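Each remark here refers to the structure printed beneath this line.
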Amino acid sequence: MAALGHLSTFGRVTHAVVRGLPESLCQHALRRHKGDEVDFARAEREHQLYVGVLKNKLGLQVVELPADESLPDCVFVEDVAVVCEETALLTRPGAVSRRKEVDMMKGTLENLQLNIVEMTDENATLDGGDVLFTGREFFVGLSKRTNQRGAEILADTFKDYAVSTVPVSDTLHLKSFCSMAGPNLIAIGSSEPAQKALKIMQQMSDHRYDKLTVPDDVAANCVYLNIPNKGHVLLHRAPEEYPESAKVFEKLKDHMLIPVTNTELEKVDGLLTCSSILINKKVDL
Ligand code: GLY
5 MAALGHLSTF
15 GRVTHAVVRG
25 LPESLCQHAL
35 RRHKGDEVDF
45 ARAEREHQLY
55 VGVLKNKLGL
65 QVVELPADES
75 LPDCVFVEDV
85 AVVCEETALL
95 TRPGAVSRRK
105 EVDMMKGTLE
115 NLQLNIVEMT
125 DENATLDGGD
135 VLFTGREFFV
145 GLSKRTNQRG
155 AEILADTFKD
165 YAVSTVPVSD
175 TLHLKSFCSM
185 AGPNLIAIGS
195 SEPAQKALKI
205 MQQMSDHRYD
215 KLTVPDDVAA
225 NCVYLNIPNK
235 GHVLLHRAPE
245 EYPESAKVFE
255 KLKDHMLIPV
265 TNTELEKVDG
275 LLTCSSILIN
285 KKVDL
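Take 5 as the starting number for the sequence shown in the numbering used here and just add one per residue.
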């Protein structure tokens, strides 16, 4: 049974965890398609702006973890922990090369006084990029990175919420083409796989969500926050990158809109939600 009492605080965030970019990202980060090389200086600038928005513009307490050259994908912290209310599930990432990323996250989330659950089952895999939390329920993408056992452990961890699985075969993660853009609002890409996944989520749910359809799948990955004195805040991909999708976001009149560029990390399959873990601490630490 969903803990609906938390709905009014959906998106409320006090802390964020981010991690620096190792130079090894350029050559060794996992990527689905070979393509343009990552411009490291530009990637760093874009990441600093992203962190600056969370810290300076939105006033979050941001824990910045150092990069580790032996972990080329370590900037993508979202994949290694799923945090909901006061509980953090440390995942067992689907890519073996990413498993050690969890170690530093464990100590960090312990310091934030969260209840830690570790995914130790060797048959389970789960990447946070496959986890969409709507405030009412979880949808978990079953992808190359996340399996049924991983989804079961997530369901055991967050027992207050329903968990439904969605097959994901054409992209890296479920959130490669969707995310929450508001308390009841799912941002979704226009591609056939994205629309098919949305239909499955709608069929699985007792609840009717509003949807915001954007032309570009990757632009449907945005970061929604609900910040005291600011209200609905949405980090979305910049008009210079995805002009048609940006026009759709610009129609959201109740949101404070913050365009964010992410050209470099996208080359290695990193989208906006990938680079932070957002946490709502109810008591001061
Ligand atoms: N480069 C992000 C990932 O493949 O996990």
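All C-beta atoms in this analysis are idealised placements derived from N, C-alpha and C, irrespective of residue type, glycine included.
Here the structure is a predicted model, which is why all the values come from computation and not from measurement.
**Message:** Quick check: is any heavy atom of ligand 1 less than 7 Å from the C-beta of Ala85?
**Reply:** Position 81 of the sequence shown, counted from the start, is the residue given in the question as residue 85. Checking the Cβ of Ala85 against ligand 1 gives no.
**Burial state of Pro295 (16 or more Cβ within 10 Å)** = This structure gives no information on residue 295, because the portion of the chain shown stretches from 5 to 289.
**Message:** What residue range does the beta strand (DSSP E) around Gly274 cover?
**Reply:** The residue you call residue 274 lines up with position 270 of the sequence shown. Here Gly274 belongs to no beta strand (DSSP E), and DSSP marks it neither H nor E.
**Request:** Let me know if Val218 comes out buried or exposed under the rule of 16 or more other beta-carbons within 10 Å of its beta-carbon.
**Result:** Counted from its first residue, the sequence shown places residue 218 at position 214. Val218 should be labelled buried.
**Rounded straight-line distance, which links the Cα of Phe44 to that of Leu11** = Counting from one through the sequence shown, the residue named residue 11 turns up at place 7. Counting from one through the sequence shown, the residue named residue 44 turns up at place 40. Looking at the two C-alpha atoms, the distance is approximately 39 Å.
**Message:** Give me, in chain order, the residues of the same chain whose beta-carbon lies closer than 6 Å to that of Gly154; leave out the 5 immediate sequence neighbours on both sides.
**Reply:** As a position in the sequence shown, residue 154 is number 150, starting the count at 1. Only Ala128, Thr129 and Leu130 meet the Cβ criterion.
**Request:** Using three-state DSSP, classify Pro263 as helix, strand or coil.
**Result:** Counting from one through the sequence shown, the residue named residue 263 turns up at place 259. Three-state result, Pro263: strand.
**Request:** Name the residue from Lys59, Val222, Arg49 and Phe80 whose alpha carbon lies nearest to the alpha carbon of Ala33.
**Result:** Residue mapping note: residue 33 aligns to position 29 of the sequence shown, counting from 1. Answer by Cα proximity: Phe80.
**Asked** What distance in whole Å lies between the Cβ atoms of Asn230 and Leu276, which are believed to be in contact at a cut-off of 8 Å?
**Response** Within the sequence shown, the letter at position 272 stands for residue 276. Within the sequence shown, the letter at position 226 stands for residue 230. About 17 Å; that fails the 8 Å criterion.
**Prompt:** What are the boundary residues of the alpha helix (DSSP H) that includes Gly132?
**Reply:** Start at 1 with the first residue of the sequence shown, and residue 132 comes out as number 128. That residue, Gly132, is in no alpha helix (DSSP H); it is neither H nor E in DSSP.
**Cβ-Cβ distance between Glu156 and Leu118 below 8 Å** = Translated into positions along the sequence shown, residue 156 becomes position 152. Translated into positions along the sequence shown, residue 118 becomes position 114. No, the Cβ-Cβ distance between Glu156 and Leu118 is not below 8 Å.
**Prompt:** Which whole runs of the alpha helix (DSSP H) in the segment 179 to 254 are 4 residues long or more, in chain order?
**Reply:** Within the segment 179 to 254, the alpha helix (DSSP H) runs of at least 4 residues that lie entirely inside it are, in chain order, 196 to 208 and 247 to 253.
**heavy atom of ligand 1 below 7 Å from Val290 C-beta** = Coverage of the chain is limited to positions 5 through 289, which leaves residue 290 absent and any answer about it impossible.
**Message:** To the nearest angstrom, how far is the alpha carbon of Val67 from that of Ala20?
**Reply:** Your numbering for residue 67 matches position 63 in the sequence shown. Your numbering for residue 20 matches position 16 in the sequence shown. Roughly 6 Å separates the two Cα atoms.
**Request:** Below 6 Å CB to CB, which residues in the same chain sit around Arg212 once its five sequence neighbours on both sides are set aside?
**Result:** In the sequence shown, counting from the first residue as 1, residue 212 sits at position 208. If you ignore the 5 residues before and after Arg212, its C-beta comes within less than 6 Å of no other C-beta in its own chain.
**Request:** Taking only the alpha-carbon atoms, compute the straight-line gap between Met184 and Gly139 and give it to the nearest angstrom.
**Result:** Translated into positions along the sequence shown, residue 184 becomes position 180. Translated into positions along the sequence shown, residue 139 becomes position 135. Each residue's alpha carbon lies about 9 Å from the other.
**Request:** Count the C-beta pairs between the segment 252 to 262 and the segment 202 to 212 that are closer than 8 Å, then say yes if the count reaches three, no if not.
**Result:** No: fewer than three Cβ pairs fall under 8 Å.
**Prompt:** Identify the residues that DSSP records as bridge partners of Glu105: which are they?
**Reply:** What you label residue 105 is simply residue 101 of the sequence shown in a count that begins at 1. In DSSP, Glu105 forms no bridge with anything.
**Asked** When burial is assigned at 16 or more other CB atoms within 10 Å of the CB, is Thr169 buried or exposed?
**Response** If you number the sequence shown from 1, residue 169 lands on position 165. Only buried fits Thr169, as 16 or more other CB atoms lie within 10 angstroms of its CB.
**Asked** What residue range is occupied by the uninterrupted beta strand (DSSP E) comprising Leu256?
**Response** Position 252 of the sequence shown holds residue 256. From DSSP, Leu256 is part of no beta strand (DSSP E); its letter is neither H nor E.
**Message:** Let me check understanding here. Comparing Cα to Cα, which of Lys234, Asp273 and Leu189 lies closest to Val222?
**Reply:** In the sequence shown, the residue the question calls residue 222 occupies position 218. Of Lys234, Asp273 and Leu189, the residue nearest in Cα terms is Asp273.
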